[in-house]
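Asker: Right, I'll just put the structure down here and ask away after.
Below you can see the structure in the form of structure tokens.
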């Protein structure tokens with residue numbers, strides 16, 4: 263997408279509508295198909311707070327991994343399934359700065375909607391975007407500035423440097439892509455209503471083995487039986503956490519040095 267095209271595009275051109283959540287951060291919701299105008303389609307985040315949910319579900323393990331592995335001089339490699347608006351990518355940059363890994367961390371992001379990838383990259387690089395899309399990202403970035411006390415532009419610079427140096431790779435198809443073992447796995451894919459292949463026990467068991475380093479942390483908002491079985495089969499200790507703001511349980515997986523059990 264060139265600058266002229268991006269200026270003409272709003273979220274609806276990618277099949278989404280933008281909504282504010284209760285903590286003031288934005289999320290995107292799939293727009294209904296024309297034949298199902300009354301259907302309430304899936305949102306990327308909990309209505310109680312997109313930023314707050316991302317920080318609760320995913321921020322804790324990013325922080326923990328970077329803190330622990332920094333002591334061993336190990337660059338942290340993170341897998342982010344579902345780039346969306348870039349919440350987890352910005353969390354990765356923020357915690358990398360906190361733990362002085364901004365020039366060493368590695369990140370593999372997956373996103374099947376090309377417009378979301380191009381819009382986020384354009385925002386990171388300071389390129390022209392439509393007023394709606396630009397306002398959404400600026401609103402989102404404010405929450406990182408306030409929470410981490412980091413200038414938003416610095417976070418974007420960290421991501422752009424990682425991209426230019428080949429440490430941040432963005433891929434489209436998680437199912438068929440070749441995968442590199444990671445220390446942090448952020449499984450933020452849409453639910454099985456959107457693509458159930460990502461949540462089957464067979465797929466999870468195979469890919470968790472492929473994607474996981476010996477020492478690894480996994481997090482997702484979901485808590486399916488197939489997921490927990492697959493994590494156990496891949497050598498993870500399964501930790502069931504409370505969901506965000508009364509949502510059903512979420513799941514963590516802990517492998518190697520991150521396990522809590524003796």
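Numbering (my numbering), first residue to last: 263 to 524.
Here a beta-carbon is modelled for each residue, glycine too, at the ideal position from N, C-alpha and C.
Where residue 353 and residue 513 are concerned, what is the direct C-alpha to C-alpha distance, given to the nearest angstrom?
Answerer: As a working note, residue 353 is residue 91 in the chain shown. As a working note, residue 513 is residue 251 in the chain shown. C-alpha separation (whole angstroms): 19 Å.
Asker: Near residue 528, what residues of its chain come up, given a Cβ to Cβ distance below 6 Å and the 5 sequence neighbours on each side ignored?
Answerer: This structure cannot speak to residue 528, because the chain is shown only from 263 to 524.
Asker: Should residue 444 go down as buried or exposed, given a rule of 16 or more other Cβ atoms within 10 Å for buried?
Answerer: On the chain shown, residue 444 is found 182 positions in, with the first residue counted as 1. So residue 444 ends up on the buried side.
Asker: My output table needs one value for residue 282: the three-state DSSP class, helix, strand or coil.
Answerer: Start at 1 with the first residue of the chain shown, and residue 282 comes out as number 20. Residue state, collapsed to three classes: strand.
Asker: Just how far apart, CA to CA, sit residue 496 and residue 467?
Answerer: In the chain shown, counting from the first residue as 1, residue 496 sits at position 234. In the chain shown, counting from the first residue as 1, residue 467 sits at position 205. Cα-Cα distance, rounded: 6 Å.
Asker: Run the CB neighbour count on residue 376, radius 10 Å, all protein chains shown included, and call it buried at 16 or more, exposed below.
Answerer: Taking the chain shown and counting its residues from 1, one reaches residue 376 at position 114. So residue 376 counts as exposed.
Asker: One question on the structure: do residue 367 and residue 338 come within less than 7 Å of each other, judged by their Cβ atoms?
Answerer: As a working note, residue 367 is residue 105 in the chain shown. As a working note, residue 338 is residue 76 in the chain shown. Result yes, Cβ atoms of residue 367 and residue 338 sit closer than 7 Å.
Asker: Is it right to say residue 380 is buried, meaning 16 or more other beta carbons lie within 10 angstroms of its own, or is it exposed?
Answerer: One-based indexing of the chain shown puts residue 380 at position 118. By the 10 Å Cβ count, residue 380 comes out buried.
Asker: When you compare each of 489, 483 and 492 to residue 216 by their alpha carbons, which one comes out closest?
Answerer: Since the first residue shown for the chain is 263 and the last is 524, residue 216 is missing from the structure and cannot be characterised.
Asker: Between which two residues does the beta strand (DSSP E) harbouring residue 369 extend?
Answerer: Taking the first residue of the chain shown as position 1, residue 369 is located at position 107. Counting along the chain, the beta strand (DSSP E) containing residue 369 begins and ends at 368 to 372.
Asker: Report buried or exposed for residue 371, applying the criterion of at least 16 other Cβ atoms within 10 angstroms of its Cβ.
Answerer: The residue you call residue 371 lines up with position 109 of the chain shown. Burial call: buried.
Asker: Using a 10 Å radius around the Cβ and a threshold of 16 neighbouring Cβ atoms, would you call residue 365 buried or exposed?
Answerer: As a working note, residue 365 is residue 103 in the chain shown. With fewer than 16 Cβ atoms within 10 Å of its Cβ, residue 365 is classed as exposed.
Asker: Report buried or exposed for residue 298, applying the criterion of at least 16 other Cβ atoms within 10 angstroms of its Cβ.
Answerer: Here residue 298 is taken as the residue at index 36 of the chain shown, counted from 1. A caution first: residue 298 carries a pLDDT of 39, below 50, which makes its placement in the model unreliable, though a value can still be read off. Exposed, by the Cβ-count rule.
Asker: In or out: residue 511 buried (at least 16 other Cβ within 10 Å) or exposed?
Answerer: Numbered from its first residue, the chain shown carries residue 511 at position 249. Per the 10 Å Cβ criterion, exposed.
Asker: Distance, Cα to Cα, residue 493 vs residue 521?
Answerer: Taking the first residue of the chain shown as 1, we reach residue 493 at position 231. Taking the first residue of the chain shown as 1, we reach residue 521 at position 259. Residue 493 and residue 521: Cα-Cα distance of roughly 13 Å.
Asker: In whole angstroms, what separates the C-alpha of residue 328 from that of residue 412?
Answerer: Taking the first residue of the chain shown as 1, we reach residue 328 at position 66. Taking the first residue of the chain shown as 1, we reach residue 412 at position 150. Residue 328 and residue 412: Cα-Cα distance of roughly 17 Å.
Asker: If you check the beta carbons only, do residue 227 and residue 293 fall under 7 Å apart?
Answerer: In the structure as shown, the chain begins at 263 and stops at 524. Residue 227 is therefore absent and cannot be evaluated.
Asker: Output the distance between the C-alpha atoms of residue 478 and residue 350, rounded to the nearest integer angstrom.
Answerer: In the chain shown, residue 478 corresponds to position 216, counting from 1. In the chain shown, residue 350 corresponds to position 88, counting from 1. Distance between the alpha carbons of residue 478 and residue 350: 17 Å.
Asker: For residue 465, which residues in the same chain have their Cβ closer than 8 Å to its Cβ, ignoring the five residues on either side in sequence?
Answerer: Residue 465 sits at position 203 when you count from the first residue of the chain shown. Hits under 8 Å: 437 and 459.
Asker: Which residues does DSSP list as the beta-bridge partners of residue 480?
Answerer: In the chain shown, counting from the first residue as 1, residue 480 sits at position 218. Residue 480 pairs with 447 and 515.
Asker: Is residue 324 helix, strand or coil by DSSP?
Answerer: Here residue 324 refers to the residue found at position 62 of the chain shown. DSSP places residue 324 in the helix class (H, G or I) of the three-state scheme.
Asker: Please confirm whether residue 340 and residue 312 have their CB atoms less than 7 Å apart.
Answerer: Mapped onto the chain shown, residue 340 falls at position 78. Mapped onto the chain shown, residue 312 falls at position 50. No. Outside cutoff.
Asker: Beta carbon of residue 421, beta carbon of residue 475: below 7 Å?
Answerer: Here the question's residue 421 lines up with position 159 in the chain shown. Here the question's residue 475 lines up with position 213 in the chain shown. No, they are not a contact pair.
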